[in-house]
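Residue numbers for the sequence shown follow my numbering, so the first one is 21 and each next one is one higher.
Just so it is clear, CB atoms sit at the ideal spot from N, CA and C, and this is done for glycine as well.
So the structure is just underneath, and the comments pick up after that.
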Amino acid sequence: MERYKQFINGEFVDALSGKTRLIYNPATEEPFAEVPLADREDAKAAIAAARKAFDSGPWPGMSIRERARYLYKVVENLKAMEGELAMLESMDAGATIRKTTMMDIPVGIEHMRLLVELAEKMDLYEPLPWIDFPRISWNFVAREPIGVTAGIIPWNFPFMMVIWKAAPALIMGNTSILKPASETPLTALKFAQAVADAGLPPGVFNVLTGPGSTVGEELASNPGVDKIAITGSTGTGRRIMELASRTVKKVTLELGGKSPTIVLEDADFEQSVDGTLFGVFFHAGQVCESGTRAFIPASRYDEFMEKLVDRVGHIKVGDPQDFETTMGPVVSKAQYGRVMGYIRKGLDEGAKLVTGGRRPDGFDKGFFIEPTVFENVRNDMTIAREEIFGPVLSVIKYESEDDAIAMANDSMYGLGGAVFSTDIPHAVEVAKRIRTGTVWINDYHLINALAPFGGYKQSGVGRELGTYGLKEYTQVKHIHVDLTMDRSKKFWYDYIFDD
Ligand code: NAD
């Protein structure tokens, strides 16, 4: 069994308490790695290191170009470990090797490269005219790093989330402390190795492997942290916002979702059936923006459902380390129990199970759940309101487009969604009426590193990716330079002097 160490102040170290935690493969339920079990004391040590690196280290004072040189080296180092990262991510999170090899790792690394490149092109100086008093002053706005930033990460896309938190924080001149989810810390530690090998100054980047209840809460409440960014559930986001409010930290919250897929009457059904299924069953439904509620027109309902059930049969559940597998297990025993609980709730509340709902035949170990489809779902049922975070689709029949849009928006969440239609201008109009941060038309899940990603309503605060995300790791400073150079012209001083 491989033993890992966490990364604090440029060194790989054990937890101060010496305690460790086992990491399990969700497909076999067997432990395969061991990591330090950090607590508040480790968090304080990381905060002190990141504080020192920010307050007296060279990192925040470097030009973006200088920092980019280091970060491109990290990108190169990550590329050299792509295969290893893909396998680790699959064993740790239950993600299929097919997905980690084709998407999570290469796309994550590419996101880092793109964000660094984008930051290099950003204009951080903004001159301002002063209309009332021209020629007496020079005004400009400078963008500066925020300071010590902490990133709290979920278990669904562990590597990608490390990139989304660390790359913008570091390139904009902040120091960074990451807390991966307890279940899936391994690729974050490999990222730390890539940082160490690139020679970033000590304390600029740190990884703590410990639980949210201690390490996460310390990061959210410690006055030494200036900004906290979390991707996680809405409940955790609320708690972090509350803790962060005590020291008025800046926050970015990327939280849960219950996103709608609206299939319009004129949709191409070949495309919309597969699109709907990709929207909900990608990574066994453990995706924040998953299209978990499908709104299908009554006029074409039977035709759609027949095709949908047939296509669910083409999803291959199995060993995530087998390249032929297209859907692996859910991440943990706790998550398995949670998803199965929602399936029972759906049945209890009167939804009709069309397919799935069980552990697939032939799997007596591993947290596998069949792709599950409910119909006769009403938008007020628990399975249509709460985030399940597993392979469960709720199909809701609609009579008019206005009804579909109203039901789509009747949710406390507002993260993603899709519209399927052959009339693109009309689909764009429908997309504009959906109150979420991202809407795909005739597609799902394609994340553009240059576009903002984030939530309306209780799906979050702030945005990640693109210039929007980079700016979340800066604060603006207005600098006013006097150009009169002459006391006698400063009539405004007469506001306080009488001669
Ligand atoms: P979670 O909220 O249980 O945990 C997320 C992280 O927060 C973990 O690192 C956890 O240890 C930490 N944490 C938990 N309690 C904490 C506390 N009191 N203080 C500080 N930190 C704490 O979420 P999860 O189960 O790991 O991930 C699934 C959730 O993440 C889903 O709700 C999903 O929608 C959401 N998510 C959102 C996005 C997005 O971009 N909006 C992306 C991926 C996942």
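If only uninterrupted alpha helix (DSSP H) runs of at least 4 residues are considered, those enclosed by the segment 240-300 are 254-265.
A distance below 6 Å between beta-carbons, with the five flanking residues on each side excluded, links TYR488 to the following residues of its chain, in chain order: PRO472.
In terms of Cα proximity to HIS334, the closest of VAL293, ASP59 and ARG313 is VAL293. Boundaries of the beta strand (DSSP E) harbouring THR40: 40-45, taken from the DSSP string. CA-to-CA, the gap between MET347 and ASP368 works out to about 27 Å. Between GLU102 and PRO126, the gap from beta carbon to beta carbon is short of 9 Å.
Remark: fewer than three beta-carbon pairs, one from each stretch, lie closer than 8 Å, so the segment 434-445 and the segment 398-408 are not flagged as touching. Distance from the CA atom of ILE172 to the CA atom of ILE260, rounded to whole angstroms, is 10 Å. Per the coordinates, the alpha-carbon of SER414 lies some 5 Å from the alpha-carbon of ARG313.
Contiguous alpha helix (DSSP H) elements confined to the segment 329-409 occur at 353-368 and 402-405, taking only those with 4 or more residues. For HIS131, the uninterrupted alpha helix (DSSP H) segment begins and ends at 125-141. Residue pairing by DSSP places TYR476 opposite GLY434 in a beta bridge. As far as DSSP is concerned, ALA68 takes part in no beta bridge. Rounded to whole angstroms, GLY338 and PRO46 show a C-alpha spacing of 12 Å. Beta bridge pairing from DSSP links LEU198 with GLY171 and VAL227. Of all C-beta pairs linking the segment 162-170 to the segment 186-203, three or more are shorter than 8 Å, placing the two stretches in contact.
Burial check for LEU503: the Cβ neighbour count within 10 Å stays below 16, so the residue is exposed.
9 Å or more divides the Cβ of GLY236 from the Cβ of PHE179. Its chain contains ILE316, VAL374, GLU395 and VAL415 as the residues whose beta carbon lies nearer than 8 Å to that of MET325, once the 5 sequence neighbours on both sides are disregarded; these appear in chain order.
Bounds of any beta strand (DSSP E) do not take in LEU144, whose DSSP letter is neither H nor E. The ligand NAD has no heavy atom closer than 8 Å to the beta-carbon of THR267. Inter-segment contact for the segment 66-76 and the segment 247-265 is absent: fewer than three beta-carbon pairs are separated by less than 8 Å. Around the beta carbon of ASN468, fewer than 16 other beta carbons sit within 10 angstroms, so the residue counts as exposed. In this structure, ASP112 is the residue among ASP112, MET82, ARG507 and THR345 with its C-alpha nearest to the C-alpha of ILE43.
If you ignore the 5 residues before and after THR120, its C-beta comes within less than 7 Å of the C-beta of ALA106, GLU109 and SER110, all in its own chain and listed in chain order. DSSP lists GLU164 as the bridge partner or partners of GLN495.
The nearest non-hydrogen atom of the ligand NAD is 8 Å or more from the C-beta of ASN242. Counted as a single uninterrupted DSSP element, the stretch harbouring SER441 is not any beta strand (DSSP E), since DSSP gives it neither H nor E.
The count of Cβ pairs closer than 8 Å, one atom from the segment 59-67 and one from the segment 222-236, reaches three, so the stretches are in contact.
Going by DSSP, ALA53 is part of the beta strand (DSSP E) stretching over 50-56. A distance of 9 Å or more separates the beta carbons of PRO188 and GLU421. For GLN26, the CB stays at least 8 Å from every heavy atom of the ligand NAD. Across the structure, MET123 and THR116 are spaced so that their CA atoms are roughly 10 Å apart. About 7 Å separates the beta carbon of ARG87 from that of LEU190, a gap short enough to meet the 8 Å contact definition.
HIS500 is positioned such that its CB atom lies closer than 9 Å to that of ASN159.
The residues ALA73, GLY77, PRO78 and TRP79, in chain order, have a CB closer than 7 Å to that of PRO221 in the same chain once the five nearest residues on each side in sequence are set aside.
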